[in-house]
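Working notes, structure below.
Residue numbers (our numbering): 16 to 597.
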């Protein structure tokens, strides 16, 4: 006879969650914990009675952080609750109420879904896993869980249990897959596992939170004894929750079905897309990537919001002179414009903002990407697929037979692609593309190292933009930063930059932001290829010589561009130094 074994669960306490969610400070948490021990009450009781947080806010915060449903017990039909004596004992001892049983799980309502003692006791008594539903904590002078009153009624009114999915009073996310029907697994049992309500509800809640927090990516990461979900918010990874490890395979399968990936293939990486319609009618595109790891498939979802291109070039953070150089370049009928920077530096958004300016009825625009991240109506977009032979080079060759005016190549990766792109720029087409280099002058060396002749570079490239993204200071909580003149000079400011009335700011942190930052802004090095720089390219000059000439012509370095954002109060000195570590 086999014995059920339960893996240890490591879950943060309610106070730790409230601190992480910035609902209370660490100092408040310590005071609440000490007071609760002194009074021999639960921390939740002390939180509510001390009016540190309202019962409603407490319930919403815990439910959101742990991706649990939030329920109003006043709408519960108490005649349909189970009346097992063991369940009644749980109500009296732990102030929780068992709502229903399904297979090997119990649906349990309580004010504290972090109550590990209650969960362990229920497991020991029933060998059933707990699925938490969060309810509000009562605000009586002697606070008790709001489930107790309902529990007393339930003991007097017997009735058969109802399926537990139907007693939930959760928010309706109403995510709907858009497009063709995804492929379904052959086994009905397998499909039932993928579409199980807790998995669907958990995934929907993660997407909902990511959109509300302004995340760019969601990471679902399996480890040997744990499973965690992290969001990338304003360029930084933030841990959101640690769901139980048993959901990792079902969750990965659910995401793969929506992204039209092969759910039976778990040995190789896969890439896909999905489009979901939110309840307000807005459609959001997501790019999905799976990666086999030691302990399961890691899934990363990137949120692709086409609305960012509608903000315009003004919203990207270009200085006035930098914007003018860029606008003059994209107004040219032919030539090549290159945008460089590391992964995640906003190159695609910059390119699409330019395409949005150029996208007119009388212009034929074609793009090749791997894959297309932003849908832009009026532009002919092609997804590169190397398995079928549709490479960047093959797409470019086809474009030239399609009478294009403007061509955008997602990335120049090899000599063949670079050669075709340069020939297109030399024969009457405007070509936009990206490269991975540190700054604008280094891009010219990279092209030479790929095998492009200097005279081809000089006659085709008209402008290079290097960029980084830095976090913006939260306007609600930023404070002046005291720095000596020497420290400012060492950071990169020139003596003349220190004149005038301005001060650097530093982050603090408040409920409206992410540790003192909210949003990101670009810093740029916009380098036109002038006649002087063309001569240096033809002479095979070094990167240092080209950078020096660019500075003489008024092209700022990345550091100098970032320091202008510091003077404007948009970001901090530490952010700029970290992004432009020269």
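Glycine residues also receive a C-beta, built at the ideal position from the N, C-alpha and C atoms.
Note that this is a predicted model, so its numbers are computed, not measured.
- Nearest neighbour of residue 319 by Cα position, chosen from 60, 388, 366, 328, turns out to be 388.
- Distances from the CA of residue 394 to each of 507, 406, 400, 377 were compared; the closest alpha carbon is that of 377.
- Taking 7 Å as the cut-off, the Cβ atoms of residue 274 and residue 314 do not count as close.
- In the three-state reduction of the DSSP assignment, residue 511 falls in the helix class, which pools H, G and I.
- In the DSSP assignment, residue 145 falls within the beta strand (DSSP E) that extends over 144-149.
- A Cβ-Cβ contact shorter than 7 Å links residue 61 with residue 47.
- Here residue 263 is not bridged, per DSSP, to any residue.
- Rounded to whole angstroms, residue 381 and residue 214 show a C-alpha spacing of 39 Å.
- Between residue 424 and residue 457 a beta carbon distance of about 19 Å is seen, past the 8 Å cut, so the two are scored as non-contacting.
- In the DSSP assignment, residue 451 is bridged to no other residue.
- Listed as beta-bridge partners of residue 465 by DSSP are no residues whatsoever.
- Going by DSSP, residue 304 is part of the beta strand (DSSP E) stretching over 298-308.
- In this structure, residue 36 lies near residue 76, with their beta-carbon atoms less than 7 Å apart.
- Around residue 436, the same chain offers 351, 411, 424, 427, 446, 448 as residues with beta carbons nearer than 7 Å, after the five sequence neighbours per side are excluded.
- The Cβ atoms of residue 537 and residue 488 lie no closer than 7 Å to each other.
- At the C-beta level, residue 561 and residue 506 stay beyond 7 Å of one another.
- Taking each of 246, 236, 45 in turn and checking the Cα distance to residue 224, the smallest one comes out for 246.
- The alpha carbon of residue 374 has as its nearest neighbour, out of 385, 461, 549, 345, the alpha carbon of 345.
- Annotation: residue 30 to residue 253 spans about 18 Å, alpha carbon to alpha carbon.
- Of the candidates 239, 131, 579, the residue whose Cα lies closest to the Cα of residue 311 is 239.
- Between residue 233 and residue 541, the CB-CB gap reaches or exceeds 7 Å.
- Taking C-beta atoms under 8 Å as the contact rule, residue 78 and residue 149 qualify, at a distance of about 4 Å.
- Of the candidates 497, 524, 362, the residue whose Cα lies closest to the Cα of residue 517 is 497.
- Within the segment 319-368, the alpha helix (DSSP H) runs of at least 4 residues that lie entirely inside it are, in chain order, 335-345.
- Residue 387 carries a coil assignment under DSSP once its states are collapsed to helix, strand and coil.
- Linking residue 271 to residue 128 through their CA atoms gives a straight-line distance of about 29 Å.
- Contact between residue 531 and residue 522 holds: their C-beta atoms lie close to 2 Å from each other, under 8 Å.
- Its chain contains 304, 305, 306, 307 as the residues whose beta carbon lies nearer than 8 Å to that of residue 284, once the 5 sequence neighbours on both sides are disregarded; these appear in chain order.
- Per DSSP, the continuous alpha helix (DSSP H) segment holding residue 567 begins and ends at 558-567.
- For residue 430, the CB contacts under 6 Å within the same chain, skipping 5 residues up- and downstream, are 465, 466 in chain order.
- Excluding sequence positions up to five before and after residue 109, its CB lies within less than 6 Å of the CB of 133, all in the same chain and listed in chain order.
- Here residue 538 carries a strand assignment [DSSP, helix/strand/coil].
- At a Cβ-Cβ threshold of 7 Å, residue 291 and residue 299 count as neighbours.
- Boundaries of the alpha helix (DSSP H) harbouring residue 576: 573-582, taken from the DSSP string.
- Looking at the backbone, the Cα of residue 278 and that of residue 230 are separated by about 26 Å.
- Excluding the 5 residues flanking it on each side, residue 513 has same chain C-beta neighbours closer than 7 Å at 500, 503, in chain order.
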